[in-house]
Structure formats: C-alpha cells, structure tokens
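Chains as they are written, first to last, in our numbering: chain P, 1 to 493; chain R, 1001 to 1493. Note that CB positions come from ideal geometry on N, CA and C, so glycine has one too. Below is one structure, written out as structure tokens; the observations come after it.
2 protein chains.
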Amino acid sequence: MTDRIRNAALRDRIMSAEQAAAMIRDGMVVGMSGFTRAGEAMAVPLALAERAKTDPLKITLMTGASLGHDLDKILVEAHVTARRIPFQSDPGLRRAINAGEVMFIDQHLSETVEQLRTRQIPAVDIAVIEAVAITEEGGIIPTTSVGNSASFAILAPKVIVEINLRQPLVLEGLHDVFIPTYRPNRMPIPVVSCESRIGLPYIPIPPEKIAGIVITEKADSASTILPPDAETKAIADHLIDFFKSEVSAGRLDNRLSPLQAGIGTIANAVMHGLIDSPFHDLKMYSEVLQDSTFDLMDAGKMTFASGSSITLSAQKSAEVMARFGDYKSKLVLRPQEISNHPEVVRRLGIIAINTALEFDIYGNVNSTHVMGTQMMNGIGGSGDFARNAYLSIFVTKSIAKGGAISSVVPMVSHVDHTEHDVDILVTEAGLADLRGLAPRERAKVIIANCAHPDWRASLTDYYDRACSFGGHTPHILEESLSWHTRLRKTGRM
Amino acid sequence: MTDRIRNAALRDRIMSAEQAAAMIRDGMVVGMSGFTRAGEAMAVPLALAERAKTDPLKITLMTGASLGHDLDKILVEAHVTARRIPFQSDPGLRRAINAGEVMFIDQHLSETVEQLRTRQIPAVDIAVIEAVAITEEGGIIPTTSVGNSASFAILAPKVIVEINLRQPLVLEGLHDVFIPTYRPNRMPIPVVSCESRIGLPYIPIPPEKIAGIVITEKADSASTILPPDAETKAIADHLIDFFKSEVSAGRLDNRLSPLQAGIGTIANAVMHGLIDSPFHDLKMYSEVLQDSTFDLMDAGKMTFASGSSITLSAQKSAEVMARFGDYKSKLVLRPQEISNHPEVVRRLGIIAINTALEFDIYGNVNSTHVMGTQMMNGIGGSGDFARNAYLSIFVTKSIAKGGAISSVVPMVSHVDHTEHDVDILVTEAGLADLRGLAPRERAKVIIANCAHPDWRASLTDYYDRACSFGGHTPHILEESLSWHTRLRKTGRM
C-alpha cells in the first residue's frame, strides 16, 4: 500500500465498501467519478444499492457522464437514484427517466461544475472518487477518467476514495487538473494547444477531507461500440473527401485541425476511416478517447490526444494498458470542464464530429429524444463542441429500422442543436455543406445529398408545399411532425 | 478636414457617394458598418440603391447587425440585396426574406467574422465603414458602433470610408479594436473585466487600401423602443425580487454581476427598473448600450458599460452627445466578436437578459420565427450570451394580441435556445427559476409562474395528458403545435 496510499496516516482510513457507503445518507447529493464507462467508483455504489434493500434511501447522483458495470441500472433498481445529473446511457435508468420516476437533469457537460461552484444547484455532500493512488499531500490521482471528479472532491466536505489496484501506477502523470479561478477574478484558461499542460497531475485536496478509502480490483467496463459497417464506412469516406476538398481550397492542410469525436459507433468509425487517408500528424481535443484514437496512434497518423476519459473495447484495453508507457507522452486527461470548455474549443478551432438521432431539412439536429419525448442518453458534450467548433459536423445513417424511419425529417421532434450550430451533415448517402446557406438553400442540399433515396421525393414534396406558405423557414405546422405520429401509428414514417 | 483626415495624402481620395458606389459591382460581397441602427455607412448604400434603378446589380450585404435610415428597405426595394448576413430588423427586408426573395443567413453575431477569417463564407470584396476620422497611419476611428467593421476593413482589399461630420471627434478613444490571432497560434482573449482595454482605439489598415472617402453629415436613426408599461414594469419587478433573493442566498452581492440586455422594449424596461433598486456599482458587458445604460449612469447606479454600439432615442442621444466627455471614461465599444465572445461571456459570469417571442412548458425559447416560419429579426447575440452566461434569463409578456396568443405554449414552433441554455423565465405573471430542474419539474413551474391565468388550465391539461404518454419531455406530437395552427385558422390559440 505504500505506493498506493503514500500518506501513512491515511492508511488508517481503509475500510470496507459497506462502511464507506454508510456515510451516504438519505437525501444527500453524491458526486461520483466516472465518464463514459471509465474510471467510475464501483464498490461504494454497489454497497449502497445492497444496503438500500433493507435501509431505503434516495440520493441525487452526479457523475462526469455515463457509468459502466451496470451501476446506473443497479442503483435505479434499488430505488436509490432520485435525481441524476448530467448524463447517462443505461437502459434501466433510461426507462425510469422516461417513466418520470427519476428526475434527470440533462446538461452541457462543461456546465455542471460551473453551476456547483456558483451554488446554483444543490451542493455535493460527499464525493466518491476512483483513484490509482493518493499522494503524500492527499492528492488524488484519478484512473481512466477525470470527468467532474476534481471539482466534486474539491467542493465536497467529505471524500471517499476507491483505490483500484487493477489500474496501473503508470497512469500517474496522465492527468492535468486545472480548476478555473472564481469570478470576478477569473483569468483566461491557458490551454493554447492540445498538448498544453496547465494544472496538477492529481486532484489537490486536504488529506483530512478523505473520510474513507476502499480498495477495489476491477477493470473498467468495455466500450460497447460496434465495428464499422458499409454505411459507417461510406460516412467516413464522404467526410474524408470533404476534408480533401477543404485542403484543396486552402482552408485546411493535411494535418487538419484538432479533432473531437462523440462517443459511439459512427463517430468511432469515422475516426477509423482516417487511418487510410492522406492526413497525418493529427491531434485530438475531445472528451472520450476511444479505440480509434489508439489505432490512429498505432498507424502513425495521430501525434497527440487530449480528452477527459479513455474508453476502450476489451481487446484494445488489454493492448493499450500492456504498453501504456509508450502512449503516455502523447496523452492528457483533463476535467470535462476544460476538455469541453467553450473558451478552449473556440480558441483551438476544433473539427467536431457528433452523432445525430435525426435532423431536419433545415439542419436542426435532435441528438437525444426518440419521437420528441423519450430520452436516449443526453446531450452530453455535443453542444459544447458543436456551438464553438471551427467545423461542426453531425453524422448519422439516413434510415433506421430497415427503412421504416428516415433520419432526415421535415421537422425534428426535439431540437438539441439549432441550424446555427450545424455546418456539415453526413449520412451514407452523402454530405451536405451548409456553410453560408439560408434555410431554403439548406433544405435543397440536405434532401439531395443526405436523405435516403426512398425518402427524397416525400421530403421534396413537403418542402415544396411548405414554400407555398412562405417564410424564412417554410413549414406546414399541421404536417411538420406527421412523420413521427405516422410512425407510431403504422410502424413506418 | 485636417482633424478628420489626418493623413494629407488621403484627402485626395475624397469623392462623391456616387463615385464611391461605382466601385461596388454586381455579385460583390459588401461589408458595411452598422450595428442596431448605430454607426452605419449611409451615403454609399443610398447612392448604390439610386444607381440600381438604371444599372441593376445584386450584392451580398454583410453588416454588424441591423441598419437605420431605412437602408435595408431601400436596398431591398432597389433589388440590390441578394443575400443578407447576419441580422436585420427591417419590415421591408423581412417581407422579402419571408417571401424567399432574399437569402438571409441568420448567425450568432460573434461568429460571422470567424467564418470570414477562415474563408468558410465568401470573402468581403469591399468594406464601407462610417468613421469619425482617419489617423495619420490610415487608422479608421469608428463612430457609434464597432460591430464587424474592423474585420471587414482588415479583410477587404478595398475600403470606402464615410466621414460623418455629425459624429463628434470626442468619440475618439471610445473604441477598443482587438482581433484574435490566427489559429493554430491563437492566444487567450485578454479581457478579464468589463473595463479591460486590450486593443487599439482605431481600426488599423494600410492607408493604400482606402479607395475612397465620402463626407456625410447625418445623425444616427433614433432607437424605436417603447417606454415601459405596466407589464414591463411587472417583469422588471419580478426580476429585481429574484436578484434580491439571490443576494440573500449569498450567490450575488448588491453589485450583481456584469449585465447584458438584448435590444428592445422589454429588456430596456428591465434595465430601467434597476434605477429604483438596492443594487449599485453595476456594470454592463453587452452588445447594445441603450437609453437605460445612460439613465443608470445618470442615477449613479452604473459605473461602467462595455458594448459594441450605442443606440439611443432622439432625446437621450442629444443629452448624451452634448456631454459625451463625462461618459467616455465609463464606456468602451468593442468588435461584436469580442463583446459577444463565448470565451469572455463565460469568463466574466454575465447575467444575460434577452427577449423571447414564445417559450414552451419545458423552457425551450423561440426568439425569431413567428408561427415557426416567418422570420422576425434574427437570433442576434442572444445565443452568444444565453449559452455562456452565469444566469440566462428570457423575458416576454405572457400574452399577445389582446390575449388571443399565449407566449407560453406546449411546444415552441421554432427553437433558438434549448432548455439547457435557459435558467430563468419571466413574464408579467411571474418568474420561473429552472436551475437544476428536470423537464417535468420545469413544466409545472413555468405553467404556474409564467403563463397568463387565462391559459394555465389549457397548458396544464396538455401537460397532464402528455405525461400519460410518458417520456423525459412528455408531448403529444399530434397536438404539440395545434395552438399555432388553431391561431392561424381561428385567430386565437
């Protein structure tokens, strides 16, 4: 334990997960580590769910983003989760949110700790943070994510640390913990490149705040992304052709600009597509570093990646962790406030690639609500990046459910990203470059380039008839959501 | 002319507006000064409209924001305006936009020059900039707005300067022209307070780019805001009560935080309300400085205001200009890229007060599209501020057209600001504090506090029935826009 808990006095605070969980009381706000299935506290929430069977309690659970190990499912089934902030991706929790049983506050991922710091949302009573080790001074060295862990630990009066022995000590030095100063004396955030290191390699808290230490030994959950398929390959190809044309036009060079890719199969596939491209010396300034990041590094295509978490498939994780020392100088993990900060995203000029559930003929994007009502995961960081990016790109397959659903619709049933924040749309059918276009021009390009051929005529018919009513953004409000209502009634849009 | 055109060689370039307008050719992109009826070039566009009667031409017209002196109307009636970027508020142009005759690219006001600089939209061929004077070195001293003028002049190969003799030389020193460095070597924008001066008091361009100088003598158009009424007074009172409660909670002190107020009657009335409040030493970091800014200064309530333009009523303008020297040390005008920059707005922790056309029971805001289709003015800077503000507030009257229209609807017919970007909603009926609430909780507070009593039951009925369908954001898609369609059919929602 000397290398894992370097402050000797703290070793007395080792306790069981049950003992630690006992510090969490009914009604508390609990801030837990974890971002996209990486680096979450595991033992304490499991013990809490177990305890709730005989000693019911409700908490507000805040994290960085989604959790692995079915934690959200287990906690919601134990009726522990009353409120959940700011992101999730668990089917069990999703069901409870959509049933109105859990209040879900879906936020831009850069904003949660800003609201905590200014006490605009209830304060964190206790933080539970997974760590590789605790330094002499009480500094917490995170594992595979930083997320909101640093602010949770700094703001909470009490901190429980889970030391995960499966997470190797070589992770030390990977993290760069920087917390903005308080207003009105806030200074610029000094990140000026993907590589900038501006903070500490640990979360600085006074050791006396560490109320308990739990020893665990469990790997991160593997990512759930699917391998590329013909459609995701086509999307990647369209995007690579577009990047080539931007290079030809002199707007980019072959190093492109720092890349951000949303989590998930399609964005990961697009990044994969860059392996066989003329682009080189690529860099990322993103939230989640997925398999594709390391594949691009292995292929000699990517020189540096900044993120807030590392989320890998089981196989890739084994490979990466086996020789993590080789990657470490090319990586940094930051608090999600910094990885997603509007200031830094705008400064660096990021190419942001995020996934849409559906988009409409004017370029408004729905990334969260199935049929306008049912929450899928949450907006996550997509808004942080799309709004401030140099190029804001959304990708999706043009159809779903064997063609019964068109991802291109007359009007999206829910808006997460307005047309102002969407530059490029890509489906396997093609790419629409919307820069400098008015809504009526956008509609023509989107229908022609992105809609599935089976749906183009219907979309054109809607658009033409809408134009007869006039308007900057022509619509027939009686019909604009009829594709969705028809789907519910007939099983087809 | 020696004090107005200090570079002697440039005095040879004085010409008539007709001669200057002759430099503008069919198909050109013209970047003109002007932001919310302040500081626009006047003589050259009028000469251009006149010329078009016999020599038809089409241009893309970019400005800072809206123009005064009916310029947009005159240009569109002369069929000169083919494309318009990034904002307007003229009834004649609005008609042409909604008829699909003019392509309007409605943008976040901080983003236009970013897209120009990176050549993602067509380059400015010629800039036409109103000035107080030209320095020895060719520096252009703007008048009552900076807007996008600096980047237009810097990026265009040719610049026409309109020296407006009605604008007093005392304006010199008011402006702070800072242009971000090019990526990938972009540094932080060093504004750390409302008062920060980080640039030059003029637009630096090589004198040889000045292709023509036109002498004019005409005051800015007066602002069109209406005086406060009972409803706007009630809105102001609700907001002041809210600020008081924030002070009691220790989240603000009586100096509040830097204020931004959107243009228009309601936001101006809210700012006016601060005169009779316990708050003091107020500051603004806003786009447009309206009558209320100077009234607050006159009342000893406001110590500093940063903006991109000064737009006043005729009476207030006469008063302010008569003793501008007294105000000058308390004012700075910046490029709209800086006044609205996400980086600075987030850093300073702004209280942003903007006007909604309508909002829905979940807190999504429509600020632009009447009936989801007809453009009113444009999103302007509201998105720049709302997304990044410390507190994002939207205000509107709860009803319109004598009660036939509820401003609170089941689903907005167009989304400009998503629920993620809206903290506080205020109507004369009351205030809804949405911070930390999930959509179902937001609905209850919005209906109870903000809806007009005549519409509360219908909204509650919709919400209750929508909940029976379930969902994180319950809706009945068959009905969600029925209030709008009923209005069109029956004249009442």
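Using a Cβ cut-off of 8 angstroms (strictly closer), state whether residue i contacts chain R.
i, result
"P:Ile351", "no"
"P:His484", "yes"
"P:Gln19", "no"
"P:Met32", "no"
"P:Thr293", "no"
"P:Asp90", "no"
"P:Ile121", "yes"
"P:Leu481", "yes"
"P:Met1", "no"
"P:His369", "yes"
"P:Leu558", "For chain P, the structure presents residues 1 to 493; residue 558 of chain P sits outside this window and is missing."
Please confirm whether residue i has its beta-carbon closer than 8 angstroms to some beta-carbon of chain P.
i, result
"R:Tyr1285", "no"
"R:Glu1172", "no"
"R:Gly1470", "yes"
"R:Tyr1390", "yes"
"R:Cys1450", "no"
"R:Asp1416", "yes"
"R:Gln1260", "no"
"R:His1079", "no"
"R:Arg1334", "no"
"R:Phe1243", "no"
"R:Asn1340", "no"
"R:Arg1387", "yes"
"R:Val1192", "yes"
Taking DSSP as the reference, what is the three-state secondary structure of residue i?
i, result
"P:Ala389", "coil"
"R:Gln1290", "coil"
"R:Ile1205", "coil"
"P:Asn268", "helix"
"P:Arg273", "The sequence shown places Gly at residue 273 of chain P, not Arg. In the structure shown, P:Gly273 sits in a helix (DSSP, three-state: H, G or I)."
"P:Ser145", "strand"
"R:Tyr1182", "coil"
"R:Gly1311", "Just to set this straight, residue 1311 of chain R is Thr in the shown sequence, not Gly. The answer is coil: DSSP assigns R:Thr1311 none of H, G, I, E or B."
"P:Gln260", "strand"
"R:Val1113", "helix"
"P:Ala52", "helix"
"P:Leu10", "helix"
"R:Ile1105", "coil"
"R:Met1187", "coil"
"R:Phe1469", "coil"
Could you tell me the alpha carbon to alpha carbon distance between residue i and residue j, rounded to whole angstroms?
i, j, result
"R:Val1029", "R:Ala1127", "9 angstroms"
"R:Val1415", "P:Thr490", "28 angstroms"
"P:Asp90", "P:Val409", "27 angstroms"
"R:Ala1009", "R:Ala1131", "17 angstroms"
"P:Gln508", "P:Ala96", "There is no way to answer for residue 508 of chain P, as the model of chain P reaches only from 1 to 493."
"R:Asp1291", "P:Met302", "54 angstroms"
"R:Ile1476", "R:Phe1469", "7 angstroms"
"P:Arg387", "R:Gln1336", "17 angstroms"
"P:Arg251", "R:Thr1118", "7 angstroms"
"R:Ser1367", "R:Glu1319", "32 angstroms"
"P:Ile446", "R:Glu1101", "20 angstroms"
"R:Ser1308", "R:Ala1150", "12 angstroms"
"P:Ser257", "R:Asp1106", "26 angstroms"
"P:Leu48", "P:Ala41", "12 angstroms"
"P:Ser286", "R:Thr1112", "25 angstroms"
Problem - Given 8 angstroms, three or more beta-carbon pairs between the stretch 461 to 480 of chain P and the stretch 347 to 355 of chain P - result: No: fewer than three Cβ pairs fall under 8 angstroms.
Problem - the stretch 1336 to 1349 of chain R in contact with the stretch 1442 to 1460 of chain R per 3-pair CB rule at 8 angstroms - result: No: the two stretches stay apart, fewer than three of their Cβ pairs being nearer than 8 angstroms.
Practice task
Count the C-beta pairs between the stretch 1210 to 1224 of chain R and the stretch 1011 to 1019 of chain R that are closer than 8 angstroms, then say yes if the count reaches three, no if not.
Solution key: Yes: at least three Cβ pairs fall under 8 angstroms.
Exercise for the section: Write down every uninterrupted run of the alpha helix (DSSP H) in the stretch 1342 to 1430 of chain R whose length is 4 residues or greater and which is fully enclosed by it, in chain order. Expected result: Counting whole runs of 4 or more residues, the stretch 1342 to 1430 of chain R contains the alpha helix (DSSP H) stretches 1342 to 1348, 1382 to 1388.
Exercise for the section: Determine contact between the stretch 63 to 71 of chain P and the stretch 163 to 175 of chain P, defined as no fewer than three beta-carbon pairs at a distance below 8 angstroms. Expected result: With a cut-off of 8 angstroms, the stretch 163 to 175 of chain P and the stretch 63 to 71 of chain P do not count as touching, because too few Cβ pairs lie within range.
Practice task
Give, in chain order, every unbroken run of the alpha helix (DSSP H) that is at least 4 residues long and sits entirely within the stretch 1148 to 1182 of chain R.
Solution key: DSSP runs (the alpha helix (DSSP H)) wholly in the stretch 1148 to 1182 of chain R: 1149 to 1155.
Practice task
State whether the stretch 1292 to 1301 of chain R contacts the stretch 1236 to 1255 of chain R, with contact taken as three or more CB pairs (one from each stretch) at a distance under 8 angstroms.
Solution key: In short, these stretches do not touch, since the Cβ pair count stays below three.
Exercise for the section: May I have a chain-ordered list of the alpha helix (DSSP H) segments no shorter than 4 residues that lie completely inside the stretch 1054 to 1102 of chain R? Expected result: The stretch 1054 to 1102 of chain R is shown to contain whole alpha helix (DSSP H) runs of 4 or more residues at 1071 to 1077, 1091 to 1098, in chain order.
Practice task
Kindly confirm or deny that the stretch 1066 to 1075 of chain R and the stretch 1189 to 1198 of chain R touch, where touching means at least three C-beta pairs closer than 8 angstroms.
Solution key: Using a Cβ-Cβ distance cut-off of 8 angstroms, the stretch 1066 to 1075 of chain R and the stretch 1189 to 1198 of chain R are not in contact, since fewer than three pairs of beta carbons, one from each stretch, lie closer than that value.
Practice task
Determine, using beta-carbon pairs with one atom in the stretch 225 to 245 of chain P and one in the stretch 1221 to 1228 of chain R, whether at least three such pairs fall under 8 angstroms.
Solution key: No, because fewer than three Cβ pairs between the stretch 225 to 245 of chain P and the stretch 1221 to 1228 of chain R fall closer than 8 angstroms, the two stretches do not touch.
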